[in-house]
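Encoded as structure tokens, the structure appears first; notes follow it.
Numbering (the numbering used here), first residue to last: 1 to 322.
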């Protein structure tokens with residue numbers, strides 16, 4: 001089996017590449033030329049994968065990558081992944097996350113129409129809701145990022161229904177790990193807690209402490225991505241733990257893991273989004289029933305792993321490999 005992964009140098013892409021290699025796949029990845037220097041998450045498996053230069057904004061490069069890799073499965077994990085940046089780079093976010101998915105779908109339709117395709121959708125598409133979200137919950141995006149993801153999600157469904165392609169969308173809730181980028185709140189909290197533990201700072205600096213999210217562990221979620229593409233029929237699935245925690249709870253848990261009392265926290269207005277999503281909580285009943293999937297790592301264990309990695313200075317994936 002051959003798989004092509006966009007975003008292979010990111011958190012999810014690196015874990016997915018590892019999973020597929022363990023299963024005996026030939027793994028190909030799409031990378032922008034300028035991102036080769038940032039491939040630390042895959043350095044430990046670089047000699048076992050094939051990388052193709054390409055860009056989700058360039059149709060020709062996507063066609064070449066699909067033709068050259070001849071994939072049985074395509075995982076679209078690439079894009080501008082930080083919600084906060086979508087307000088300062090809205091057009092880029094729409095181009096990469098929204099139209100980028102369209103371009104990749106076109107490349108697969110033209111060059112590998114029988115390949116199974118995974119589209120990385122997002123819980124951010126739901127916006128503010130009063131109940132737990134499932135596959136039937138209406139979308140109400142509150143950021144340029146979420147709006148672009150809605151475009152990609154609906155485009156994937158259009159291609160599935162129009163061309164009979166095996167396309168599945170995973171509506172994934174926040175999933176973190178030791179490999180998470182430093183701009184994300186989970187990594188910010190764990191890094192700053194480690195700095196307090198080492199005497200490098202006294203207080204935290206964060207944005208909205210009251211926001212609540214459904215946080216899971218990234219390797220659990222890439223396992224679900226793979227399971228979707230093994231099904232006879234494609235479909236859309238919410239991937240979530242069903243349990244929410246506030247950023248303040250995240251701080252408390254991280255501090256306890258480091259042997260500290262919860263530190264004082266300064267509010268940084270630059271980290272407050274123009275339109276906030278107050279809380280997100282997913283209902284993954286369909287994934288449990290159809291895929292037999294359930295997350296293995298709890299919130300407490302997730303935070304513990306991230307804090308321990310920060311304290312050990314082992315957040316570089318090449319160090320963490322294995």
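Ideal Cβ placement from N, Cα and C applies to all residues, glycine included.
Using the rule of at least 16 other Cβ atoms within 10 Å of the residue's Cβ for burial, across every protein chain shown, is residue 310 buried or exposed?
As a first step, residue 310 is located in the chain shown; it is residue number 310 there, counting from the start. Residue 310 comes out buried.
Could you give the C-beta distance for residue 240 and residue 291, rounded to a whole number, given that I count them as a contact under 8 Å?
Here residue 240 refers to the residue found at position 240 when the chain shown is read from its first residue. Here residue 291 refers to the residue found at position 291 when the chain shown is read from its first residue. Not a contact, Cβ separation roughly 13 Å.
For residue 117, the first and last residue of its enclosing alpha helix (DSSP H):
Here the question's residue 117 lines up with position 117 in the chain shown. DSSP places residue 117 in no alpha helix (DSSP H) but in the uninterrupted beta strand (DSSP E) bounded by 116-122.
Close beta carbons around residue 250, own chain, < 6 Å, minus the five adjacent residues each side
For the purposes of this step, residue 250 is taken as the residue at position 250 of the chain shown. Closer than 6 Å at the Cβ level, and outside the excluded window around residue 250, lie 189.
Bridge partners - residue 168, DSSP secondary structure assignment
What you label residue 168 is simply residue 168 of the chain shown in a count that begins at 1. DSSP lists 118 as the bridge partner or partners of residue 168.
Note down the Cα distance separating residue 91 from residue 97, rounded to an integer number of angstroms.
Position 91 of the chain shown, counted from the first residue, corresponds to residue 91. Position 97 of the chain shown, counted from the first residue, corresponds to residue 97. Near 10 Å, if we compare the C-alpha coordinates of residue 97 and residue 91.
Mapping the DSSP letters down to three states, classify residue 192 as helix, strand or coil.
What you label residue 192 is simply residue 192 of the chain shown in a count that begins at 1. DSSP places residue 192 in helix when its eight states are reduced to three.
Considering Cα atoms alone, identify which of 158, 186 and 153 is closest to residue 172.
On the chain shown, position 172 is the one that residue 172 refers to. Ranking 158, 186 and 153 by Cα distance to residue 172 puts 153 first.
Under 8 Å between C-beta atoms of residue 25 and residue 219:
Taking the chain shown and counting its residues from 1, the one referred to as residue 25 is at position 25. Taking the chain shown and counting its residues from 1, the one referred to as residue 219 is at position 219. Not closer than 8 Å, so no.
Boundaries (first-last residue) of the beta strand (DSSP E) holding residue 267:
If you number the chain shown from 1, residue 267 lands on position 267. Counting along the chain, the unbroken beta strand (DSSP E) around residue 267 starts and ends at 265-267.
Along the alpha helix (DSSP H) that carries residue 221, what are the first and last residues, could you check?
Counting from one through the chain shown, the residue named residue 221 turns up at place 221. Per DSSP, residue 221 belongs to the alpha helix (DSSP H) from 218-229.
Residues near residue 31 in its chain [Cβ-Cβ closer than 8 Å; skip 5 each side]:
Reading the chain shown from its first residue, position 31 is the one you call residue 31. Result list for residue 31: 8, 9, 39, 51, 52, 53 and 54, in chain order.
My output table needs one value for residue 210: the three-state DSSP class, helix, strand or coil.
Here residue 210 refers to the residue found at position 210 of the chain shown. Here residue 210 sits in coil by DSSP.
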